[in-house]
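The next block holds one structure in the form of structure tokens; read it before the comments.
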Amino acid sequence: SISRLLLALLALPGLFLFSQCDPDEVDPIDTGEDPQTLSCNAYLVDEFNALPVEDLSAVENADVLFLREEEKLARDVYLLSKSLYTLPIFDNISQSEQCHMDHVALLLDRYELFDPTTGKAEGEFLDPALQTLYDDLAAQSQTDLVGALTAGALIEETDIVDLKEAIDAADNQDVILVYERLLQGSGNHLRAYFKNLQNQGVEYEPQVLSQAEFDAIIDGNQP
1 SISRLLLALL
11 ALPGLFLFSQ
21 CDPDEVDPID
31 TGEDPQTLSC
41 NAYLVDEFNA
51 LPVEDLSAVE
61 NADVLFLREE
71 EKLARDVYLL
81 SKSLYTLPIF
91 DNISQSEQCH
101 MDHVALLLDR
111 YELFDPTTGK
121 AEGEFLDPAL
131 QTLYDDLAAQ
141 SQTDLVGALT
151 AGALIEETDI
161 VDLKEAIDAA
171 DNQDVILVYE
181 RLLQGSGNHL
191 RAYFKNLQNQ
201 GVEYEPQVLS
211 QAEFDAIIDG
221 NQP
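Residue numbers (our numbering): 1 to 223.
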């Protein structure tokens, strides 16, 4: 959740442990590309359209609006990092986050909901908590490459927690479908940031997820 992410940011000096890695033991650079998310809505729309339109609960309504902005936050932080560093992960995952925004837009359009990102430039948010969070993560990302990769891992951890909570609170099949696709993408992104940090000699430790949840995602078993 946002509160947990803000607490983690306060502890940034202890976010990770530095270790010298044997180049032969480090995985090749993971660029974060995810064929499903990078194809945007094309692979999703038929399945989405086949599901019924049902009344949204107040919680579902609020979660859709929040997640639309949360995905924008991720995209905007990664676009900032892309402008600062040449590592391809920031370009690839910022594109993927745009696709995540497009996925949520399917729900906005279907249920005729107000889009909280309308008129908001890069780095601007309607939700004050998300604005504060973006400002903090942007500052962290500008420190150095490791800071930017660490901010990315922290964002993806938080997205995973928020998406799981939103799935648990949802009843509509189309809402759950979209969230599950976002969850798959966030797991891929977290693995990519973790591997890129390893390539920088950093062993990232989870700040929001439990160690067991984190290990399962890194091992490719979930979400």
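Note that the Cβ used here is the ideal one computed from N, Cα and C, for glycine as well.
Cβ-Cβ distance between residue i and residue j below 8 Å
i	j	result
Y85	A148	yes
I155	G187	no
L106	P116	no
A138	V77	yes
V146	L113	no
Inter-residue Cα distance where the pair is residue i and residue j
i	j	result
L80	A74	10 Å
E157	A216	13 Å
A170	N199	38 Å
E180	N49	16 Å
E60	A166	8 Å
I218	Q95	22 Å
Q131	K120	11 Å
G185	T118	24 Å
Reference residue i, options the options, closest by Cα
i	options	result
N221	P206, E205, G201, R191	R191
D91	H103, L133, H189	H189
R68	V146, E47, D102	D102
A42	A58, L87, H100, I93	H100
E70	D144, K82, Y204, L183	L183
Bounding residues of the alpha helix (DSSP H) (the contiguous stretch that carries residue i)
i	result
V175	173-199
V59	58-84
V161	145-169
V202	From DSSP, V202 is part of no alpha helix (DSSP H) but of the beta strand (DSSP E) over 202-204.
A139	128-141
C99	88-110
Close Cβ partners of residue i (< 8 Å) along its chain, the five nearest in sequence each way excluded
i	result
V53	R110, Y111, D174
Close beta carbons around residue i, own chain, < 7 Å, minus the five adjacent residues each side
i	result
G123	D76, Y134, A138
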